[in-house]
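Each protein sequence line maps, in turn, to chains A and B.
Its first residue numbered 1, the first sequence is counted upward by one per residue in the numbering used here.
Its first residue numbered 351, the second sequence is counted upward by one per residue in the numbering used here.
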Amino acid sequence: MTAIAIPRFRRPRPPLALVAGSAAVVWLVAWIVEAPAADWLAFSVLNLEHGSHAGEAVAFFLEDMPKVLLLLSGIVTVVTLIRGFFPPERIRPLLVGRGLVPGSFAAAGVGIITPFCSCSAVPLFIGFVEAGVPLGVTFAFLISSPMVNEVALVMLWGLFGPAIALAYMAAGLTVAIIGGLVIGRLRLERYVEDYVWKLQGTAAAPIEVHLTWANRLSDAWAYTQALVRKLLPYLVVGIGLGALIHGYAPTDLVAAVGGRSNPFAVPIVVLLAVPMYSNAAGTIPIVQALLGKGMPLGTTLAFMMAVTAISLPEFVILRRVMKLPLLAIFIGVVSTGIVAIGYLFNFVVS
Amino acid sequence: MRTIEVLGSGCPNCRRLEANALEAVKMAGVEAEVHHVTDPGEIVSRGVMSTPGLVIDGKVVSTGRIPSAGDIAAWLGEG
């Protein structure tokens with residue numbers, strides 16, 4: 001074979017700034033027109049009645065679907081771009097050799113911006129522990145990173161305003177810090193799988209690869225597309241459920257199960273959330289409808305935190321590095337923390 | 351013979367990276383074998399914490415992202 005393949009590595013592309021700029025303009029226009037357009041579609045084109053069950057449910061769905069999709073696509077792209085600058089490789093040196101208390105605070109804090117994918121959880125755990133990040137601090141990060149992520153914060157901010165977004169952030173950080181402190185104090189090092197300790201000192205220095213802006217932009221966009229595609233079924237179900245709750249669920253029912261009069265509302269919604277595996281973005285439509293029906297803030301936030309932080313697939317993955325007692329304590333500490341925060345919020349905000 | 355290793359737990363992202371690597375081998379017209387490294391200890395010992403990682407001839411060229419087939423082909427061309 002002597003045929004010479006002519007590599008076609010590069011297609012000509014329009015300038016980056018132009019693409020990004022026009023995308024931003026399209027996004028803004030869509031954001032402005034989507035609510036009136038949904039209303040017009042529901043009440044003028046489909047001729048549904050204002051205030052009727054069906055009308056309100058359909059209008060909720062039509063308005064929420066594009067709104068959530070727009071928020072997701074626009075904001076996830078921007079946020080992914082930003083957090084690309086804070087990979088765990090860069091975060092880890094900040095946590096090595098810290099005491100438990102300052103370390104847990106720092107780890108929970110950086111967990112907000114650091115990208116986290118549950119399939120990276122194992123190498124990340126080993127990488128942290130192996131480099132000498134204390135176990136409790138590692139857990140503070142493991143709890144905070146999926147739960148308090150900037151995508152959830154930005155979506156909460158966009159749909160409900162800053163107060164609820166900040167409340168969620170404070171609640172999540174508290175659970176992560178307390179979880180880290182408790183696990184650190186309990187001295188559970190013996191429940192980490194033995195081979196993890198044997199790896200100590202064998203790891204190569206973390207490698208950081210230089211990326212261009214074009215790399216970063218196309219990564220962010222690819223990530224967003226993959227996320228939206230993955231979330232779409234959850235969103236349709238979530239927004240559909242939200243629409244049904246919004247249009248049909250009698251306010252009394254929500255109040256009876258999740259309301260202030262039921263003292264067990266918080267643990268009940270946390271238990272309900274365990275089998276629901278979704279990420280923060282998929283639960284937000286449900287949260288929106290529940291809040292609208294008068295479910296108290298603490299109960300609602302507990303539900304959302306439980307859906308995002310207590311995920312069975314992630315636990316199965318983590319079983320590879322943790323023995324069962326440690327995993328059980330981890331789950332116990334996180335759920336207790338979430339329930340406690342739920343009660344606290346209900347008590348404070350009344 | 352070039353060696354390409356995909357470091358990752360076998361998650362969807364790692365499989366997509368592996369597919370891109372195979373395509374890149376064709377694009378670049380080189381001979382290469384593509385391995386998948388799933389052992390977490392092995393992954394960390396290469397200095398990779400964010401999967402998927404990509405290693406070409408023993409050198410880590412990418413971590414925590416899925417480079418396109420074109421990018422991988424370009425790296426193969428440079429080496």
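Glycine residues also receive a C-beta, built at the ideal position from the N, C-alpha and C atoms.
Among the options, which residue has its Cα nearest to the Cα of residue i?
i	options	result
Ser-144 of chain A	A:Leu-18, A:Thr-138, A:Ala-176	A:Ala-176
Val-137 of chain A	A:Val-307, A:Lys-230, A:Leu-94, A:Met-169	A:Leu-94
Val-129 of chain A	A:Asn-346, A:Met-322, A:Ile-331	A:Met-322
Glu-314 of chain A	B:Thr-353, B:Cys-361, B:Glu-355	B:Cys-361
Val-110 of chain A	A:Ala-131, A:Val-101, A:Ser-120, A:Pro-87	A:Pro-87
Val-68 of chain A	A:Leu-327, A:Ile-286, A:Met-305	A:Ile-286
Ser-418 of chain B	B:Glu-392, B:Val-410, B:Leu-404, B:Gly-408	B:Leu-404
Leu-62 of chain A	A:Pro-102, A:Pro-325, A:Trp-27, A:Leu-41	A:Leu-41
Val-151 of chain A	A:Glu-189, A:Val-192, A:Val-269, A:Val-228	A:Val-228
Phe-264 of chain A	A:Gly-292, A:Ala-131, A:Leu-18, A:Ala-302	A:Ala-302
Ala-37 of chain A	A:Ala-17, A:Asp-219, A:Thr-80, A:Met-65	A:Met-65
Glu-368 of chain B	B:Pro-402, B:Gly-408, B:Asp-407	B:Pro-402
Pro-15 of chain A	A:Trp-213, A:Ile-338, A:Leu-326	A:Trp-213
Val-269 of chain A	A:Val-307, A:Ala-289, A:Gly-294, A:Gly-247	A:Val-307
Glu-262 of chain A	A:Gly-332, A:Pro-296, A:Val-274	Correcting the residue identity first, residue 262 of chain A is Asn in this sequence and not Glu. Residue A:Pro-296 is the option with its Cα nearest to Asn-262 of chain A.
Give a yes or no on whether the minimum CB-CB distance between residue i and chain A is below 8 Å.
i	result
Gly-414 of chain B	yes
Gly-408 of chain B	no
Gly-393 of chain B	In the sequence on display, residue 393 of chain B carries Ile and not Gly. Judged by the 8 Å Cβ criterion, Ile-393 of chain B is in contact with chain A.
Val-356 of chain B	no
Val-411 of chain B	yes
Glu-381 of chain B	no
Met-399 of chain B	yes
Arg-352 of chain B	no
Can you check whether the C-beta of residue i is within less than 8 Å of a C-beta belonging to chain B?
i	result
Ser-120 of chain A	yes
Arg-320 of chain A	yes
Glu-89 of chain A	yes
Glu-130 of chain A	yes
Pro-123 of chain A	yes
Tyr-343 of chain A	no
Asp-219 of chain A	yes
Leu-16 of chain A	no
Ile-126 of chain A	yes
Glu-108 of chain A	Glu is not the amino acid found at residue 108 of chain A; the sequence shown has Ala there. So no, Ala-108 of chain A is outside the interface.
Leu-71 of chain A	no
Pro-7 of chain A	Low per-residue confidence applies at Pro-7 of chain A: pLDDT is 48, beneath 50, and the placement is therefore not dependable enough to give any value.
Ala-140 of chain A	no
Tyr-248 of chain A	no
If you draw a straight line from the alpha carbon of residue i to that of residue j, how long is it in whole angstroms?
i	j	result
Ala-108 of chain A	Ile-329 of chain A	18 Å
Met-377 of chain B	Ala-222 of chain A	21 Å
Gly-420 of chain B	Gly-99 of chain A	45 Å
Ile-6 of chain A	Gly-427 of chain B	Summary for Ile-6 of chain A: the model assigns pLDDT 47, below 50, so the residue's position carries little reliability; its value from the coordinates is reported in the next sentence. Spanning the two alpha carbons is a distance of roughly 12 Å.
Gln-200 of chain A	Ile-317 of chain A	21 Å
Gln-225 of chain A	Phe-60 of chain A	24 Å
Gly-358 of chain B	Cys-364 of chain B	6 Å
Ser-400 of chain B	Leu-241 of chain A	35 Å
Pro-53 of chain A	Leu-244 of chain A	Reading off the sequence shown, one finds His at residue 53 of chain A, where the question assumed Pro. If you take the alpha carbons of His-53 of chain A and Leu-244 of chain A, they lie about 9 Å apart.
Thr-174 of chain A	Asn-47 of chain A	48 Å
Ile-126 of chain A	Gly-342 of chain A	32 Å
Val-154 of chain A	Val-380 of chain B	45 Å
Val-411 of chain B	Val-101 of chain A	36 Å
Ala-140 of chain A	Ala-17 of chain A	38 Å
Ile-75 of chain A	Trp-27 of chain A	10 Å
Pro-325 of chain A	Asp-194 of chain A	14 Å
Met-169 of chain A	Val-148 of chain A	6 Å
Ser-120 of chain A	Val-394 of chain B	11 Å
Leu-271 of chain A	Gln-288 of chain A	19 Å
Ile-406 of chain B	Thr-283 of chain A	40 Å
Ala-382 of chain B	Lys-409 of chain B	15 Å
Report the three-state DSSP secondary structure of residue i (helix, strand or coil).
i	result
Ala-131 of chain A	coil
Ser-359 of chain B	coil
Val-307 of chain A	helix
Pro-15 of chain A	coil
Val-339 of chain A	helix
Val-96 of chain A	coil
Arg-352 of chain B	strand
Met-377 of chain B	helix
Val-348 of chain A	helix
Gly-403 of chain B	strand
Ser-145 of chain A	helix
Thr-413 of chain B	strand
Met-322 of chain A	strand
Val-384 of chain B	strand
Val-316 of chain A	helix
Got a sec: does the ligand FMN put a non-hydrogen atom nearer than 7 Å to the Cβ of residue i?
i	result
His-210 of chain A	For the ligand FMN, the structure offers nothing, since it holds no ligand at all.
Can a CB atom of chain D be found closer than 8 Å to the CB of residue i?
i	result
Ala-214 of chain A	This model lacks chain D altogether; the protein chains it does include are A and B.
In chain order, what are the residue ranges of uninterrupted beta strand (DSSP E) at least 3 long that sit wholly in the stretch 177–232 of chain A? none
Where in the stretch 42–74 of chain A do unbroken runs of the beta strand (DSSP E), each at least 3 residues long, occur, reported from the N-terminal end onward? none
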